[in-house]
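Chemist:
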Amino acid sequence: MNVYKIYLDQLTQLLFNFKSDNNLTFDFNEILTKLTLEPPKSLDHGDMSTNLAMILSKYLSLKPIQIANMFIGYIAKLPGVDEVNVAGPGFINIKLTEKTWNSCLKSILSNEKKWDATDLGNGKKINIEYISANPTGPLHAGHTRGAVFGDALASLLKEVGYEVTKEYYINDAGSQIDKLVNSALLRYEECLGKKIKEIPEGLYPGEYLKEVGQKLVEQFGSDLKSNEPSKVSELVRQVSLDVIMKIIRNDLLRLGIEMDVYTSEKEIISGSLLEKTLSILEDKDLIYKGILDPPKGTKPKNWEEREQLLFKSSNFGDDTDRALKKSDGSWTYFATDMAYHLDKINRTNGNLINVLGADHIGYISRINAAVQALSDGSISIDTKVCSLVNLLEDGKPVKMSKRSGNFVTLSDIIDAVGKDVIRFIMLTRRNDQSLDFDFKKVTEKSKDNPVFYVQYAHARCNSIFKSANVLEKDLLADNFSNLTTKEEIELIKFISLWPRSLELAAKNHEPHRLCYYLIELSSLFHSLWNKGKDDQSFKFIIDNNKKLTNSRLCLVKAVAMTIRKGLKILSIEPVLEM
RNA sequence: GGACGCGUAGCUCAGCUGGAUAGAGCAACUGCCUUCUAAGCAGUAGGUCAGAGGUUCGAAUCCUCUCGCGUUCACCA
52 MNVYKIYLDQ
62 LTQLLFNFKS
72 DNNLTFDFNE
82 ILTKLTLEPP
92 KSLDHGDMST
102 NLAMILSKYL
112 SLKPIQIANM
122 FIGYIAKLPG
132 VDEVNVAGPG
142 FINIKLTEKT
152 WNSCLKSILS
162 NEKKWDATDL
172 GNGKKINIEY
182 ISANPTGPLH
192 AGHTRGAVFG
202 DALASLLKEV
212 GYEVTKEYYI
222 NDAGSQIDKL
232 VNSALLRYEE
242 CLGKKIKEIP
252 EGLYPGEYLK
262 EVGQKLVEQF
272 GSDLKSNEPS
282 KVSELVRQVS
292 LDVIMKIIRN
302 DLLRLGIEMD
312 VYTSEKEIIS
322 GSLLEKTLSI
332 LEDKDLIYKG
342 ILDPPKGTKP
352 KNWEEREQLL
362 FKSSNFGDDT
372 DRALKKSDGS
382 WTYFATDMAY
392 HLDKINRTNG
402 NLINVLGADH
412 IGYISRINAA
422 VQALSDGSIS
432 IDTKVCSLVN
442 LLEDGKPVKM
452 SKRSGNFVTL
462 SDIIDAVGKD
472 VIRFIMLTRR
482 NDQSLDFDFK
492 KVTEKSKDNP
502 VFYVQYAHAR
512 CNSIFKSANV
522 LEKDLLADNF
532 SNLTTKEEIE
542 LIKFISLWPR
552 SLELAAKNHE
562 PHRLCYYLIE
572 LSSLFHSLWN
582 KGKDDQSFKF
592 IIDNNKKLTN
602 SRLCLVKAVA
612 MTIRKGLKIL
622 SIEPVLEM
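First residue of the first sequence: 52, per the working numbering; consecutive thereafter.
(1) Could you tell me how far apart the beta carbons of Trp152 and Ile543 are, in whole angstroms, since I believe they sit closer than 8 Å?
(2) Exposed or buried, which one is Met310 when buried takes at least 16 other CB atoms within 10 Å?
(3) Would you call Phe67 buried or exposed, if buried means 16 or more other Cβ atoms sit within 10 Å of its Cβ?
(4) Any idea what DSSP makes of Ser315, helix, strand or coil?
(5) Provide the residue span of the alpha helix (DSSP H) that contains Glu269, from first to last.
(6) Would the beta-carbon of Pro625 fall within 8 Å of that of Leu207?
(7) Who are the Cβ neighbours of Asp344 in its own chain at under 8 Å, not counting the five residues just before and after it?
(8) Run through the region 398-454 for me and flag every whole beta strand (DSSP E) of 3 or more residues, listed as ranges in chain order.
(9) Helix or strand or just coil, what does DSSP make of Val215?
(10) Less than 8 Å between the beta carbons of Ile177 and Ile396, yes or no?
(11) Is the beta carbon of Phe589 sitting closer than 8 Å to the one on Ala508?
(12) Note down, in chain order, each residue of its chain lying with its Cβ closer than 6 Å to the Cβ of Leu83, except the 5 sequence neighbours on either side.
(13) Which residue wins for smallest C-alpha separation from Tyr567, given the options Asn402, Thr479, Glu149, Leu236?
(14) Which complete beta strand (DSSP E) runs does the region 106-164 hold, if anything under 3 residues is left out?
(15) Whole angstroms is fine: what's the gap from Val132's alpha carbon to Leu147's?
(16) Rounded to a whole number of angstroms, what is the C-alpha to C-alpha distance between Pro550 and Asp487?
(17) Using CA atoms only, rank isn't needed, just tell me which of Asp489, Gly446, Asp483 is closest to Ala467.
(18) Taking the C-alpha atoms as reference points, what is the distance between Asn402 and Ser431?
(19) Just confirm the distance between the C-beta atoms of Glu554 and Leu171, as a whole number of angstroms; I'd bet it's less than 8 Å.
(20) Taking only runs that begin and end inside the region 272-312, name each unbroken alpha helix (DSSP H) of 4 or more residues, in chain order.
(21) When the Cα atoms are used, what is the spatial distance from Ser281 to Arg288?
(22) Expressed to the nearest angstrom, what Euclidean distance is found between the alpha-carbon atoms of Lys128 and Glu134?
(23) Roughly how many whole angstroms lie between the Cα atoms of Met99 and Cys155?
(24) Quick one, which of Ser284, Glu180, Leu606 has its alpha-carbon nearest Tyr313's?
(25) Let me make sure I understand the geometry here. Which of Gln423, Gln270, Leu621 has the alpha-carbon closest to that of Arg564?
(26) I need the boundaries of the alpha helix (DSSP H) containing Ser381, first residue and last residue.
(27) Going by DSSP, what residue range makes up the alpha helix (DSSP H) through Leu207?
(28) Would you identify the three-state DSSP class for Met629, choosing helix, strand or coil?
(29) Considering only C-alpha positions, which residue in the set Leu579, Ser364, Gly244, Leu236 is nearest to Ser284?
(30) In the DSSP assignment, what are the bridge partners of Leu88?
(31) With distances taken from CA atoms, which of Asn233, Ser71, Ile415 is nearest Pro251?
(32) Out of Val472, Gln484, Ile418, which has the shortest C-alpha to C-alpha gap to Ser438?
(33) Where Leu160 and Leu527 are concerned, what is the direct C-alpha to C-alpha distance, given to the nearest angstrom?
(34) Taking 8 Å as the cut-off, decide whether the C-beta atoms of Leu332 and Ala420 are in contact.
(35) If I follow the unbroken alpha helix (DSSP H) through Lys597, where does it start and stop?
(36) Quick one: grab the DSSP three-state call for Ala374.
Structure, rendered in structure tokens:
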């Protein structure tokens, strides 16, 4: 029951009739893609506004205003329409009757679950890969934003009907794993009683590896190293990864995140996917041996001109072709990542989303190229880049030192401010904007803190039900014709915008829009609440008027419901009391 | 030097894939608590949308160039 959709359908019908009545030849579908019915910026312009006349102007070679005047008579006759007028360069503004809005509220309350249903996703499959942090240590501050963003986007897409797979790629191969193994072995020796002065530069110094050392002693005793070196390293690798991935999963759970699929890089390498990938690319003549030009400008110090196996990613808009094999003959990260993306394409049978940190921005175009090449352009991949988060404590930067292993972990942040605060604040900025996360501000109980502001609105709704001595669930939808004040109608209008906001957020892959919607809804509600302070007649509970009280409480219920819908998508618990 | 992103009120940021007079919060100033939570609300003031061109009925939004900030730049992951 999306009002905007209902009237857009009616407009489409009018347009269709107009076209056939006048034997016009314009491309109907082309017009439809441009046709909009939107809430105007200013409420003075009515409830909805369409660009119908402006887009037709080109095809009919008439001025927009002339065309608009041809339509307004028809639009005015549509059910529920109060006024229609032409304004500005040719907008057609439509004002709906109070009754229409009253019945909107009714249908919202009587279809709590379905009123914002949409067919946007329509069961289409989509795979979203996020976090994918190296399994060499616990998640830290830098991973938090991508984790929250990816997770919110995933549930947003699920909400609008996509079949979503949430995926974590475990980089359990490559040189950082060798470092991990060596670091763990030191902890193993330490656990056996050997004194470790300091973890050497280049290895992982974090305390969490002590647990790995301990586990190794428990499982293999003191003679682990009597095995063949390759076997030792494999055993240590497995135990280390087990321990660390358990820590990571547990931290994610505390943040409210459960991934559907964990895929191992090592398994991609040892399986047949790499060969498959190469043969697909070879068939398309996209692989060759060649010499890359050094990067323009500053030349890397140890640049070595060398023939290597290359993928023609420049055919697909990348700046240069990309290497598939390292100088030691092993596959590059990119080569296995291509195979991994082929794997995702095959499993998903739908579009892909990757969530990356800003430091990987240079990597995007080659992955786009790979996906395009491997899917013959049939699969689209949208890479969302999350910019830096500046951790602050009352305006001053929190010091982090990776070298000592003394960085702020995700777990620390959850301990300090809680999951709900992290999730909301991380989404109060567009993903490509950098964000300040101030430990003091985000826990402040003031209007300056959006989490608090929205939660307070929800708690206030609940407190009103309490004062009225009713249970929210017992409030029943009525015809609501007694809700007539400007403020009440405006609130209903804004709630009616929810399905539209949801769809736009999903379409654009921008979950932050939900936060802004919730903040604005809360603001409208706080505003109306306070109006009752100045003028008793605006109070929700009117002592000698049961019917009006019921209607107003229902409006409050609709606010609470909508806030909960939004918070649920963000995986944030609504608060009942503060 | 190349690539990508960003540049909107004093500060922090929205701006609905091109719409009407560019919007919030903070800070500043002025009001509102015997009342459903003042942890809030109302009002005032604040703008060359970095700059210059272009595209069209119409540009903060799209294109080109310039300036500034950030990330990144064979073989790492």
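Heads up, the beta-carbon is just placed ideally off N, CA and C, and yes, glycines get one too. In this text the structure is predicted, and so the values were computed from the model without any measurement.
Modeler: Quick look at the numbers:
(1) 5 Å
(2) buried
(3) exposed
(4) strand
(5) 260-271
(6) no
(7) Thr371
(8) 402-408, 432-437, 440-444
(9) strand
(10) no
(11) no
(12) none
(13) Thr479
(14) 132-138, 142-147
(15) 4 Å
(16) 30 Å
(17) Asp489
(18) 5 Å
(19) 6 Å
(20) 280-305
(21) 10 Å
(22) 10 Å
(23) 15 Å
(24) Glu180
(25) Leu621
(26) Run containing Ser381: none; DSSP gives neither H nor E here.
(27) 192-210
(28) coil
(29) Leu236
(30) Thr101
(31) Asn233
(32) Gln484
(33) 8 Å
(34) no
(35) 597-620
(36) strand
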